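Colleague:
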Amino acid sequence: MMQNSLLFLIPLLLVNSTNLSHDTHTLTVPLISDRNLNFHGEIVLGLPGEKFNVVFDTGSADIWVPSVHCTSNACNNHNKYDPSSSHSFNGYTNEKFIIKYGTGNLAGHIVSDHLSISGAKIPNQIFGISTEEADFFEKMKFDGVFGLAYSSLSTSQKSPPMDKLLMSGAIKQKVFSFWFDKFSENGKVGGELVLGGYNKDRFLGKISYAPVVTKKYWELSLSNVSHNRKRIDASSSFAIVDTGTSLIALPKNDAFAINSLIGAVKLRNSDRLFKISCETKSKEPLLLSLGDIKLKIEPENYIYKVKPGYCLSAFTVNPSNVILFSKFSKNLSFFS
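Read in order, the letters of the sequence shown are residues -17 to -1, 1 to 319 in mature numbering (1 follows the signal peptide of the UniProt record, and there is no 0).
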């Protein structure tokens, strides 16, 4: 168990978990911290293989990396996929793809090639190669995205990697889990993704289960938020668990109400962000009611230190009025 890690596990249950394994037939991907806002790990595409750093994102369902033919500035300083350098390239499909994220859009082509992850090889994996990317991606340390939401959300995946890993015997269960270290150093290993199970050394206590509402996003039922004996009923009854976002985005009324509870005030030059004291010792945890589970969010998880003496609240306004939860807990498992 790593020092200073947070110890809470919330599996999102879809099927029987009585035989859930923690240590056999699993694949572990180390995750590098980017200022504790994003965590990315390595995959290899093609043969002999090109390495790419990707965000493993439960809020989307597609795999994509930049194409060598990308003309956007956002593709600069990133690894780019070159079909001509791969002996296993299986051609372009007849499809093109457009993906719309909250931070910007991208477009490109769908291709098929080998994918390797933590030593396991997946032949003829479908993925996207971007030829146009929003400016947002230029500043990111990761090259692309590895979506882990349901395939019903995907623009391209006919057979998701988890299905292929299961069929090949590389993993024995269609399960994946995350661990994040809140106090990791920038550019250092700050977490891990385990495919096929979970790491028992990354948490204490019993596993708690929350049912998934719909098989699209990893969507949970949310009823209320409480803090210091005060309760706010959520205006939206659902919450999406999204490892690809760094803040907790809420409908406007909820964001203002929760920030008021924790003593945060809206920034004058922003419609979405709230400033808060950096002092955590005197702050009370927040409790989220997710089904029958009370999930505790400690102050160090809802206060972001931007610089010494200047902190922001993790609770922000989401214009689309969809609730998104990020790394509110540092240990998450997903069952499908």
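Where a beta carbon is used, it is the ideal one built from N, C-alpha and C, also for glycine.
Remember, it's a predicted structure, so these values are computed and weren't measured experimentally.
Determine the closest residue to residue 375 out of 78, 77, 55, 92, with distance taken between C-alpha atoms.
Modeller: The chain is shown only over -17 to 319; residue 375 falls outside these bounds and no answer can be derived.
Colleague: Can you give, in chain order, each stretch of the beta strand (DSSP E) that sits fully within the region 151 to 208 and has at least 3 residues?
Modeller: Complete beta strand (DSSP E) runs here, min 3: 158 to 163, 172 to 178.
Colleague: Would you decide whether residue 303 is buried or exposed? Buried here means 16 or more other CB atoms lie within 10 Å of its CB.
Modeller: Within the sequence shown, residue 303 is the residue found at index 320, counting from 1. It is exposed - the Cβ of residue 303 has fewer than 16 other Cβ atoms within 10 Å.
Colleague: Just the C-alpha distance for residue 153 and residue 290, rounded to the nearest angstrom, thanks.
Modeller: Here residue 153 refers to the residue found at position 170 of the sequence shown. Here residue 290 refers to the residue found at position 307 of the sequence shown. So the alpha carbons of these two residues sit roughly 43 Å apart.
Colleague: Between residue 68 and the rest of its own chain, which residues show a CB-CB distance below 8 Å, the 5 nearest in sequence each way excluded?
Modeller: By one-based count along the sequence shown, residue 68 stands at place 85. Once the five neighbours on either side are set aside, the close Cβ partners of residue 68 are 29, 33.
Colleague: Rounded to a whole number of angstroms, what is the C-alpha to C-alpha distance between residue 168 and residue 160?
Modeller: On the sequence shown, position 185 is the one that residue 168 refers to. On the sequence shown, position 177 is the one that residue 160 refers to. So the two alpha carbons sit approximately 21 Å from each other.
Colleague: The beta strand (DSSP E) spanning residue 93 covers which residue range?
Modeller: Here the question's residue 93 lines up with position 110 in the sequence shown. Note, residue 93: beta strand (DSSP E), 87 to 100.
Colleague: According to DSSP, is residue 25 helix, strand or coil?
Modeller: Reading the sequence shown from its first residue, position 42 is the one you call residue 25. DSSP, read as helix, strand or coil, puts residue 25 in strand.
Colleague: Here's a check: name, in chain order, each residue in its chain whose Cβ is nearer than 7 Å to the Cβ of residue 39, leaving out the five neighbours to either side.
Modeller: Here residue 39 corresponds to residue number 56 of the sequence shown, with the count starting at 1. Excluding the 5 residues flanking it on each side, residue 39 has same chain C-beta neighbours closer than 7 Å at 24, 129, 131, 176, 226, in chain order.
Colleague: Helix, strand or coil for residue 233? Go by DSSP, reduced to three states.
Modeller: Here residue 233 corresponds to residue number 250 of the sequence shown, with the count starting at 1. Here residue 233 sits in strand by DSSP.
Colleague: Based on Cα-Cα distance, which residue from 268, 204, 166 lies nearest to residue 274?
Modeller: Stepping through the sequence shown from its first residue, residue 274 is reached at position 291. With distances taken between Cα atoms, residue 274 lies closest to 204.
Colleague: Could you tell me the distance, in whole angstroms, from the CA atom of residue 37 to the CA atom of residue 115?
Modeller: One-based indexing of the sequence shown puts residue 37 at position 54. One-based indexing of the sequence shown puts residue 115 at position 132. If you take the alpha carbons of residue 37 and residue 115, they lie about 17 Å apart.
Colleague: With H, G and I counted as helix, E and B as strand and the rest as coil, what does DSSP make of residue 254?
Modeller: Looking up residue 254 in the sequence shown gives position 271. If DSSP states are grouped into helix, strand and coil, residue 254 belongs with coil.
Colleague: Note down the Cα distance separating residue 286 from residue 280, rounded to an integer number of angstroms.
Modeller: Counting from one through the sequence shown, the residue named residue 286 turns up at place 303. Counting from one through the sequence shown, the residue named residue 280 turns up at place 297. Rounded to the nearest angstrom, the two C-alpha atoms are 10 Å apart.
Colleague: Use the C-beta contact count for residue 158: other C-beta atoms within 10 angstroms, 16 or more gives buried, fewer gives exposed.
Modeller: As a working mapping, residue 158 is identified with position 175 in the sequence shown. That one is buried.
Colleague: Rounded to whole angstroms, what's the CA-CA distance from residue 229 to residue 20? Just pull it up for me.
Modeller: Counted from its first residue, the sequence shown places residue 229 at position 246. Counted from its first residue, the sequence shown places residue 20 at position 37. Rounded to the nearest angstrom, the gap between the Cα atoms of residue 229 and residue 20 is 5 Å.
Colleague: Could you name the residues of the same chain whose beta carbon sits closer than 6 Å to that of residue 100, not counting the 5 residues immediately before and after it, in chain order?
Modeller: Looking up residue 100 in the sequence shown gives position 117. These residues qualify, in order along the chain: 26.
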